Amino acid sequence: MRWPSSGGRKLAPFRRLMTLVTLLLVGANIFMAFRGRQMDETYRRIEGHGFLGQNYFRNSTGANSVIQLPPFTPQESFGACALVLNQNHRMTEWIAYHYFALPLRSLIIAYDPKSTQRATDLLHRWKDVIDIIEWEEDDYLPTNWSEDIRMNYRPASPLDKPIERLIHEHRQVYFMQQCTLTLADKNVSRVIHHDVDEYLRINTDVVKGYDTTRPGHITDFLNQKTFTKIPTGWSWNSGCWVLLRLFFTPLFQDSPGHRQSLYKQIDFPWFQPIHFDTLRYRWRKTLAQKTAKGILQLDHVPSSVLSRRENIFEKWMKVHNPLGKHLCEGPWPVVASPLILNHYLGSYEAYLYASQWDFRFQNLTDWERRTTRGKGKSRVDDGITNWIQAFIAWQSEPVARHLLSDAGLKDEIMELSPK
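Per our numbering, the sequence shown starts with residue 2, numbered consecutively.
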């Protein structure tokens with residue numbers, strides 16, 4: 002159909018308008034496609050693929066949050082070796098504290114064969130700021146490695162160690178050795194060898210006035226080497242220190258109201274001091290436990306010690322004195338040691354929870370016996386309790402909530418009955 006020329010002139014403005022609308026729609030589609038790629042990239046980063054070395058995630062307001070890095074590289078920081086048996090309820094607090102205080106930047110977790118849970122989801126939130134490796138037993142030991150131990154087990158009396166305990170002690174040592182060698186290959190400076198109910202800290206009764214609210218304050222303390230009241234036998238360049246453990250007993254506790262008042266400045270619905278062992282238990286025995294735990298400074302350990310052996314069953318480490326008396330210094334009395342370990346038994350409910358899998362935990366009588374470990378009267382010791390407020394201030398409340406809100410063995414998920 003042919004339009005009259007006058008009609009074409011009348012439609013010309015309409016045609017120009019349609020052309021403009023078409024161009025605008027095309028431009029909008031291009032922008033949305035480009036924006037979609039950007040949003041997809043943002044969400045991939047938030048989901049844990051990393052962005053500029055930080056760990057981004059979505060908080061409840063939809064804003065991006067990031068886990069702050071401590072002022073030390075993974076090589077300058079601490080690594081840790083932890084053999085665990087269904088202890089996720091402890092690991093949230095343990096990792097967060099040591100990330101703040103040490104800082105902890107490398108972690109190897111090995112699961113006891115009896116473990117029914119894995120910490121993978123819990124560990125995932127840390128993966129961009131801590132180098133984490135999870136091991137099953139066959140990752141560091143050959144299949145059926147314990148058969149020789151069973152075959153050669155000849156108890157002389159009922160008081161001898163049960164076979165399960167003997168195998169566990171061998172497993173501990175073999176894991177310590179393989180974990181230490183792996184961290185040495187990563188050029189990690191220092192390694193802690195203590196359990197997830199034990200916390201390394203500055204002994205503020207000895208190192209008076211030291212600021213323990215700064216991230217990485219333990220590495221900073223060891224690097225400065227300026228503390229002058231070091232005990233006899235302490236060398237800053239030692240390859241190994243053995244440190245005493247202070248036992249924090251649940252027999253003496255603050256009332257719920259008093260406990261809440263101690264931390265009233267941390268006023269968030271998700272924060273309950275009862276779910277943090279380092280806050281719930283402030284009473285300890287005056288004297289330390291008999292056995293100690295160790296720290297390695299790998300830069301000062303002879304290379305011959307850190308070489309891999311043809312025989313992986315050769316024992317060159319010990320649980321309570323990692324490299325033996327010829328290479329390890331200490332332990333020193335509590336009143337003289339610059340560093341110390343806090344050891345928390347925890348609640349009776351947590352003890353019952355562990356007793357489902359761990360042969361070392363038995364019944365109420367055994368738990369009461371354990372509460373008497375350590376000698377001397379009980380006293381309040383707040384040398385560690387300031388970490389939580391400092392951690393929240395450092396990380397921000399949304400990040401701290403993301404990292405800490407599942408700490409502790411929550412009463413509402415426990416279905417336990419005494420044995």
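From the three backbone atoms N, C-alpha and C, an ideal C-beta is built for every residue, glycine too.
If you're wondering where the values come from, they're calculated on a predicted model, not measured in any experiment.
Taking the C-alpha atoms as reference points, what is the distance between residue i and residue j?
{"i": "Lys326", "j": "Lys294", "result": "13 Å"}
{"i": "Trp368", "j": "Gly384", "result": "25 Å"}
{"i": "Gln118", "j": "Asn145", "result": "22 Å"}
{"i": "Trp317", "j": "Ile296", "result": "15 Å"}
{"i": "Asp139", "j": "Tyr112", "result": "10 Å"}
{"i": "Gly240", "j": "Leu299", "result": "6 Å"}
{"i": "Thr373", "j": "Gln290", "result": "10 Å"}
{"i": "Ala401", "j": "Ile68", "result": "9 Å"}
{"i": "Asn322", "j": "Val243", "result": "6 Å"}
{"i": "Ile131", "j": "Leu124", "result": "9 Å"}
{"i": "Ile133", "j": "Ser379", "result": "37 Å"}
{"i": "Glu137", "j": "Gly210", "result": "43 Å"}
{"i": "Lys286", "j": "Leu247", "result": "7 Å"}
{"i": "Thr121", "j": "Gln273", "result": "24 Å"}
{"i": "Thr62", "j": "Pro399", "result": "Caution is warranted here: a pLDDT of 41 is assigned to Thr62, below 50, making its placement in the model unreliable, and the coordinate value is therefore given only provisionally. Answer to the nearest angstrom: the Cα atoms are 9 Å apart."}
{"i": "Gly258", "j": "Asn153", "result": "55 Å"}
{"i": "Gly54", "j": "Asn364", "result": "Note that Gly54 scores 41 on pLDDT, short of 50, meaning its location in the model is unreliable and no value can be drawn from it."}
{"i": "Val336", "j": "Ala102", "result": "21 Å"}
{"i": "Asp206", "j": "Asn312", "result": "44 Å"}
{"i": "Pro232", "j": "Val208", "result": "12 Å"}
{"i": "Ile267", "j": "Thr386", "result": "12 Å"}
{"i": "Gly446", "j": "Thr366", "result": "A query on residue 446 cannot be resolved here, the shown segment of the chain reaching from 2 to 420 and no further."}
{"i": "Met33", "j": "Leu105", "result": "Bear in mind that the predicted position of Met33 carries a pLDDT of just 41, short of 50, making it unreliable; the figure below should be weighed with that in mind. Between Met33 and Leu105, the C-alpha separation is close to 42 Å."}
{"i": "Leu108", "j": "Thr229", "result": "32 Å"}
{"i": "Glu170", "j": "Arg155", "result": "16 Å"}
{"i": "Ala351", "j": "Phe222", "result": "34 Å"}
{"i": "Ser356", "j": "Tyr349", "result": "10 Å"}
Give a yes or no on whether the C-beta atoms belonging to residue i and residue j are separated by under 8 Å.
{"i": "His218", "j": "Leu342", "result": "no"}
{"i": "Trp127", "j": "Ile150", "result": "no"}
{"i": "Thr279", "j": "Glu94", "result": "yes"}
{"i": "Gln76", "j": "Ser190", "result": "yes"}
{"i": "His99", "j": "Phe249", "result": "no"}
{"i": "Gly80", "j": "Val192", "result": "yes"}
{"i": "Pro71", "j": "Pro216", "result": "yes"}
{"i": "Phe362", "j": "Arg166", "result": "no"}
{"i": "Arg283", "j": "Ile275", "result": "no"}
{"i": "Ala408", "j": "Phe277", "result": "yes"}
{"i": "Leu182", "j": "Arg309", "result": "yes"}
What's the call for residue i, buried or exposed, on a 16-neighbour Cβ count within 10 Å?
{"i": "Asn204", "result": "buried"}
{"i": "Lys226", "result": "exposed"}
{"i": "Leu160", "result": "exposed"}
{"i": "Ser256", "result": "exposed"}
{"i": "Ser304", "result": "exposed"}
{"i": "Pro419", "result": "For Pro419, the predicted structure reports a pLDDT of 45, less than 50, and the residue's modelled location is therefore unreliable. A value from the coordinates is still provided. Pro419 should be labelled exposed."}
{"i": "Trp237", "result": "exposed"}
{"i": "Pro143", "result": "exposed"}
{"i": "Tyr44", "result": "Its pLDDT being 28, under 50, Tyr44 is placed unreliably by the model, and nothing is read from it."}
{"i": "Thr220", "result": "buried"}
{"i": "Leu404", "result": "buried"}
{"i": "Arg36", "result": "Residue placement at Arg36 is flagged as unreliable, the pLDDT there being 39, under the threshold of 50; a coordinate-derived value is accordingly withheld."}
{"i": "Trp388", "result": "buried"}
{"i": "Ile110", "result": "buried"}
{"i": "Asp212", "result": "exposed"}
{"i": "Ser262", "result": "exposed"}
{"i": "Pro163", "result": "exposed"}
Measuring alpha carbon to alpha carbon, tell me which of the options ends up nearest residue i.
{"i": "Tyr175", "options": "Gln396, Tyr349, Thr250 and Cys82", "result": "Cys82"}
{"i": "Phe253", "options": "Thr292, Gly347 and Ser262", "result": "Gly347"}
{"i": "Glu135", "options": "Leu103, His321, Arg155 and Cys180", "result": "Cys180"}
{"i": "Arg172", "options": "Lys319, Tyr354 and Ser406", "result": "Lys319"}
{"i": "Phe314", "options": "Leu103, His321, Phe79 and Ile168", "result": "Ile168"}
{"i": "Ala185", "options": "Leu307, Cys329, Trp395 and Asp382", "result": "Leu307"}
{"i": "Ser338", "options": "Glu311, His301, Leu288 and Gln363", "result": "Leu288"}
{"i": "Val197", "options": "Leu84, Trp284 and Thr386", "result": "Leu84"}
{"i": "Tyr141", "options": "Ser107, Arg155, Lys162 and Pro114", "result": "Pro114"}
{"i": "Trp271", "options": "Pro232, Asp212, Asn188 and Ile393", "result": "Ile393"}
{"i": "Tyr264", "options": "Ser406, Met92, Thr74 and Gln390", "result": "Gln390"}
{"i": "Met177", "options": "Ala355, Leu324 and Leu245", "result": "Leu324"}
{"i": "Ser116", "options": "Arg106, Ser107, Leu105 and Gln88", "result": "Gln88"}
{"i": "Val302", "options": "Val381, Asn188, Arg370 and Asp129", "result": "Asn188"}
{"i": "Ser406", "options": "Ser78, Ser356 and Met92", "result": "Met92"}
{"i": "Asn224", "options": "Ser78, Ser356 and Val381", "result": "Ser78"}
{"i": "Val381", "options": "Pro251, Gly234 and Trp235", "result": "Pro251"}
Quick test of your reading: residue i and residue j, contact by CB under 8 Å. State the CB separation rounded to the nearest angstrom.
{"i": "His90", "j": "Leu410", "result": "4 Å"}
{"i": "Ser66", "j": "Ser397", "result": "7 Å"}
{"i": "Leu86", "j": "Trp358", "result": "6 Å"}
{"i": "Leu328", "j": "Leu201", "result": "Their Cβ separation, rounded to whole angstroms, is 19 Å, which puts Leu328 and Leu201 out of contact at 8 Å."}
Can you find a heavy atom of the ligand ADP that lies under 7 Å from the Cβ of residue i?
{"i": "Lys378", "result": "The model depicted lacks the ligand ADP and carries no ligand whatsoever."}
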